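Colleague: Counting with mature numbering (1 follows the signal peptide of the UniProt record, and there is no 0), you get residues -23 to -1, 1 to 308 for the letters of the sequence shown. By construction, the Cβ of each residue, glycine as well, lies at the ideal position given by its N, Cα and C atoms. If you're wondering where the values come from, they're calculated on a predicted model, not measured in any experiment. Sharing a structure below in structure tokens format, with a few things to ask.
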Amino acid sequence: MIFRSFAISTWLLVACIATNALAQDASYAHFDGFDASAPAESREVDVAAMFVDGDFAPATLCNFEYEPIPIPDMPELDPADGEIEAETIGDPDYGYLGYVPGGEFVHIDYWFGPAKWDSSFELGINGQTGNTESLSLRSGGKIKREGAATKTLVDIIYARTSNNGKRTQNNSLFNAKIEWPFVNKRWHVYAKNGMEYDEFKDFDLRLWISGGLGYEVVKTVDTDLTVELGSGFSREFGSPDDEYKPEGAMTVFIDHAFNKRHSVEGKYEYYPEWEDFGEYRSISDIGYKILLDEAANLSLKFGVINRFDSTPGVDKKKNDTNYSILIIWKL
């Protein structure tokens, strides 16, 4: 029995020694500094470590400390060497319309080219309380876009007055025009659309469309005088006479700056009926502007608008005149 135990212990010891030797050989074989010609003693297991005070200690069997496999230091990389060269890709082909940047396709300049914009908003209020109560409101706005091939002008005016809670004035004027300049931009072809609303007239809405030729009679730094001649038609919706009426169209524009802060602008529109030149309508608009604050683009305007109609209807006056004092904010 003792012999069998000794034999088993001997075989276990030999197996552990052989396994340890093979493990060290394998680790050295994967290490760049392994020298196969080195003496075997340098790679043998320290057997003496398995004996304590000269006696064999089974607890130390196969309990050896191995030196860790050395890991070579990684070479330092140059940041420039680690960059990935970007692949050069040509401009994408989006077809005939070309590339439309996100969000820009809704802007008018994308479709009609770059242009100079000039916009303003005006507002005036007048009120009274006491024996009588009245409130007057006048507001409006203008947009001007001047591009390489076209010039677009849009303006709207609204006036409303109430006296003791009862409306005594409620009207609006709208104009939209596009010009195509030619011959050094002194001449232009135009198309215009206008609308007029007045609660106290015989029609609900008056619409007119005209087109023709315009010429800048005077064009200087301070003065601009333009005359337009054309033809078109008008119609009064909600009127006893709601037929389309062919009519001529003549307009005179004037804009003059006295100095940096004072200027005057005016417009006169004349629309005679082709069938009877004695029947016509006209719109006169003149304003005097004073620049209040150049940094804030604020101006004061004194304005007068007169609307004339030779056939106003039963018990209606031919003239309607509106006076106003406005604050203009140029955008």
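Once DSSP output is grouped into helix, strand and coil, what is the label at Trp251?
Modeller: Start at 1 with the first residue of the sequence shown, and residue 251 comes out as number 274. Three-state DSSP puts Trp251 in coil, outside helix and strand.
Colleague: Does the Cβ of Gly255 have 16 or more other Cβ atoms within 10 Å, making it buried, or fewer, making it exposed?
Modeller: Locating residue 255 in the sequence shown gives position 278, where the first residue counts as 1. Its Cβ having fewer than 16 others within 10 Å, Gly255 is exposed.
Colleague: If you follow the beta strand (DSSP E) that Asp219 is part of, which residue opens it and which one closes it?
Modeller: Counted from its first residue, the sequence shown places residue 219 at position 242. Segment: none, Asp219 is in no beta strand (DSSP E) and carries neither H nor E.
Colleague: Below 6 Å CB to CB, which residues in the same chain sit around Ser240 once its five sequence neighbours on both sides are set aside?
Modeller: The residue labelled residue 240 in the question sits at position 263 within the sequence shown. The residues are Ala234 and Lys266.
Colleague: Taking just the CA atoms, how far does Pro223 sit from Ser97?
Modeller: Numbered from its first residue, the sequence shown carries residue 97 at position 120. Numbered from its first residue, the sequence shown carries residue 223 at position 246. So the two alpha carbons sit approximately 33 Å from each other.
Colleague: Are there three or more Cβ pairs, one per stretch, closer than 8 Å when the stretch 184 to 192 is compared with the stretch 201 to 219?
Modeller: Judged by Cβ distances under 8 Å, the stretch 184 to 192 makes contact with the stretch 201 to 219, as three or more pairs qualify.
Colleague: Whose C-alpha, out of Glu110, Asp262 and Glu271, is nearest the C-alpha of Asp297?
Modeller: Taking the first residue of the sequence shown as position 1, residue 297 is located at position 320. Closest by alpha carbon: Asp262.
Colleague: Can the beta-carbon of Tyr174 be found closer than 8 Å to that of Ser149?
Modeller: Counting from 1 along the sequence shown, the entry for residue 174 is found at position 197. Counting from 1 along the sequence shown, the entry for residue 149 is found at position 172. In contact: Tyr174 and Ser149 (Cβ atoms closer than 8 Å).
Colleague: Sort Glu123, Thr200, Glu252 and Ser216 by Cα distance to Ile231 and report the nearest one.
Modeller: Counted from its first residue, the sequence shown places residue 231 at position 254. The shortest C-alpha separation from Ile231 is found at Thr200.
Colleague: With a threshold of 6 Å on Cβ separation, who are the neighbours of Ile282 within its own chain once the five nearest residues in sequence on each side are excluded?
Modeller: The residue given as residue 282 occupies position 305 in the sequence shown. Taken in chain order, the residues that qualify are Asp262 and Asn299.
Colleague: Quick test of your reading: Thr228 and Glu250, contact by CB under 8 Å. State the CB separation rounded to the nearest angstrom.
Modeller: Mapped onto the sequence shown, residue 228 falls at position 251. Mapped onto the sequence shown, residue 250 falls at position 273. Contact flag wrong, Cβ pair sits at about 17 Å.
Colleague: Would you identify the three-state DSSP class for Ser287, choosing helix, strand or coil?
Modeller: The residue given as residue 287 occupies position 310 in the sequence shown. It is coil, neither helix nor strand.
Colleague: Thinking just about the alpha-carbon of each residue, which of Ile134, Ser111 and Glu123 is nearest to the one in Gly280?
Modeller: As a first step, residue 280 is located in the sequence shown; it is residue number 303 there, counting from the start. Of Ile134, Ser111 and Glu123, the residue nearest in Cα terms is Ile134.
Colleague: Within this structure, are the beta carbons of Tyr248 and Ser216 separated by less than 8 Å?
Modeller: One-based indexing of the sequence shown puts residue 248 at position 271. One-based indexing of the sequence shown puts residue 216 at position 239. No. Outside cutoff.
Colleague: So who's on the other strand from Arg137, going by DSSP bridges?
Modeller: Residue numbering aside, residue 137 sits at position 160 when the sequence shown is read from its first letter. BP columns for Arg137 point to Leu114 and Asn147.
Colleague: How is the beta strand (DSSP E) around Arg183 delimited, first residue to last?
Modeller: What you label residue 183 is simply residue 206 of the sequence shown in a count that begins at 1. Its beta strand (DSSP E) spans residues Leu182 to Lys196.
Colleague: Quick one: residues in its chain with C-beta nearer than 6 Å to the C-beta of Asn170, no 5 flanking neighbours on either side, listed in chain order?
Modeller: Here residue 170 is taken as the residue at index 193 of the sequence shown, counted from 1. Correct list, in chain order: Ala153 and Ile186.
Colleague: What's the gap between the Cα of Lys162 and the Cα of Ala273?
Modeller: For the purposes of this step, residue 162 is identified with residue 185 of the sequence shown, where counting begins at 1. For the purposes of this step, residue 273 is identified with residue 296 of the sequence shown, where counting begins at 1. The straight-line gap from Cα to Cα measures roughly 32 Å.
Colleague: With distances taken from CA atoms, which of Asp50, Glu110, Phe151 and Ala92 is nearest Met172?
Modeller: Working through the sequence shown from its first residue, we reach residue 172 at position 195. For the residues Asp50, Glu110, Phe151 and Ala92, the minimum Cα distance to Met172 belongs to Phe151.
Colleague: With DSSP run on the structure shown, which of helix, strand or coil describes Arg212?
Modeller: Taking the first residue of the sequence shown as 1, we reach residue 212 at position 235. In the structure shown, Arg212 sits in a strand (DSSP, three-state: E or B).
Colleague: Looking at the strands, I want to know which residues DSSP matches up with Glu256.
Modeller: For the purposes of this step, residue 256 is taken as the residue at position 279 of the sequence shown. Answer is none; Glu256 lacks a bridge partner.
Colleague: Under a three-way DSSP split, which group does Arg122 fall into?
Modeller: Residue 122 sits at position 145 when you count from the first residue of the sequence shown. In this structure, Arg122 counts as strand in the three-state DSSP scheme.
Colleague: Whose C-beta lies closer than 6 Å to the C-beta of Leu277 among residues of the same chain, with five residues either side of it excluded?
Modeller: Here residue 277 refers to the residue found at position 300 of the sequence shown. So the list reads Ile267 and Leu269, once near-sequence residues are dropped.
Colleague: Which word fits Phe180, buried or exposed, when buried means at least 16 other C-beta atoms lie within 10 angstroms of its C-beta?
Modeller: Within the sequence shown, residue 180 is the residue found at index 203, counting from 1. Result: buried.
Colleague: Look up Leu206 in the DSSP assignment and give the residues it is bridged to.
Modeller: Looking up residue 206 in the sequence shown gives position 229. Leu206 pairs with Leu190 and Met227.
Colleague: Looking only at DSSP bridge pairs, what is Leu308 linked to?
Modeller: To locate residue 308, count along the sequence shown from 1; it is residue 331. Answer by DSSP bridge pairing: none, since Leu308 is not bridged.
Colleague: Pull up the distance between the alpha-carbon of Ala126 and that of Val291, whole angstroms please.
Modeller: The residue labelled residue 126 in the question sits at position 149 within the sequence shown. The residue labelled residue 291 in the question sits at position 314 within the sequence shown. Roughly 46 Å between the two C-alpha positions.
Colleague: Tell me whether Pro91 sits in a helix, a strand or coil according to DSSP, three-state version.
Modeller: The residue labelled residue 91 in the question sits at position 114 within the sequence shown. Coil, per DSSP.
Colleague: As a quick exercise: from Asp286, Phe285, Leu275 and Pro289, pick the residue whose alpha carbon is nearest that of Arg99.
Modeller: In the sequence shown, counting from the first residue as 1, residue 99 sits at position 122. Checking the sequence shown, residue 99 turns out to be Glu, not Arg. Checking every option, the nearest Cα to that of Glu99 belongs to Leu275.
Colleague: Return the first residue and the last residue of the beta strand (DSSP E) that Lys294 is part of.
Modeller: Start at 1 with the first residue of the sequence shown, and residue 294 comes out as number 317. Unbroken run through Lys294: none, as it is neither H nor E.
Colleague: Just the C-alpha distance for Tyr167 and Leu114, rounded to the nearest angstrom, thanks.
Modeller: Position 190 of the sequence shown holds residue 167. Position 137 of the sequence shown holds residue 114. Approximately 32 Å between the Cα atoms of the pair.
Colleague: Who pairs with Asn299 in a beta bridge, going by DSSP?
Modeller: Residue 299 sits at position 322 when you count from the first residue of the sequence shown. Ile282, per the DSSP bridge assignment.
Colleague: For Glu213, count neighbouring C-beta atoms within 10 Å of its own C-beta (all shown protein chains included) and say buried if the count is 16 or more, exposed if not.
Modeller: Here residue 213 corresponds to residue number 236 of the sequence shown, with the count starting at 1. With 16 or more other Cβ atoms within 10 Å, it is buried.
Colleague: Hey, Arg122 and Trp164: beta-carbon distance below 8 Å or not?
Modeller: Here residue 122 refers to the residue found at position 145 when the sequence shown is read from its first residue. Here residue 164 refers to the residue found at position 187 when the sequence shown is read from its first residue. Cβ atoms of Arg122 and Trp164: not closer than 8 Å.
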